[in-house]
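First up is the structure itself, then whatever we jot down about it.
Residue numbers (this note's numbering): 406 to 534.
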């Protein structure tokens, strides 16, 4: 409740959209040049209820593919990609298909694992690194 009024999801989503627009329109130098890119880090489990306002706000920008790129950065534990594939699938089930997947690992990632990730993510091999 805020001043006796309920605050709905749309209030949060609108505020997040406006905040992102404001950040993107901040000049980066004394010539008032606008930035070319804006990187937004969204961490966590997409099934977490607290993520909803953020994913809904980002859908506003996601509609224009020439202006939006979803880069999924995930860790491969050991040499098994199962947890990464589960993570990617959860996001895909919510309508978030990665344009690029960047894999973090303590070991070199084999081409076979990259091919498996690409196949399960509907990506080309060069989109998985």
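Ideal placement from N, C-alpha and C gives every residue a C-beta, glycine not left out. Owing to the predicted nature of the structure, the values given are computational and were not obtained by experimental measurement.
Of the listed residues the options, nearest to residue i (C-alpha basis)
{"i": "residue 521", "options": "451, 532 and 499", "result": "532"}
{"i": "residue 462", "options": "512, 534, 513 and 415", "result": "415"}
{"i": "residue 484", "options": "459, 492 and 512", "result": "512"}
{"i": "residue 421", "options": "508, 447, 432 and 496", "result": "447"}
Spatial neighbours of residue i in its chain, beta-carbon cut-off 8 Å, leaving aside the 5 residues before and after
{"i": "residue 449", "result": "455 and 456"}
Cβ-based neighbour list, residue i, same chain, cut-off 7 Å, excluding 5 preceding and 5 following
{"i": "residue 530", "result": "519, 520 and 523"}
{"i": "residue 438", "result": "432"}
Span of the beta strand (DSSP E), counted from its first residue to its last, around residue i
{"i": "residue 477", "result": "476 to 480"}
Rounded distance between the beta-carbons of residue j and residue i, thought under 8 Å
{"i": "residue 528", "j": "residue 514", "result": "Contact doesn't hold; Cβ gap of about 14 Å is too wide."}
{"i": "residue 504", "j": "residue 476", "result": "7 Å"}
Proximity test, Cβ basis, 8 Å: residue i and chain C
{"i": "residue 424", "result": "Here chain C cannot be found, since the structure has a single protein chain."}
N- and C-terminal bounds of the alpha helix (DSSP H) containing residue i
{"i": "residue 429", "result": "414 to 429"}
{"i": "residue 445", "result": "No alpha helix (DSSP H) holds residue 445; DSSP gives it neither H nor E."}
{"i": "residue 514", "result": "Where residue 514 is concerned, there is no enclosing alpha helix (DSSP H), given that its DSSP letter is neither H nor E."}
{"i": "residue 463", "result": "457 to 467"}
DSSP bridge partner residues for residue i (one or two, in chain order)
{"i": "residue 432", "result": "439"}
{"i": "residue 485", "result": "482"}
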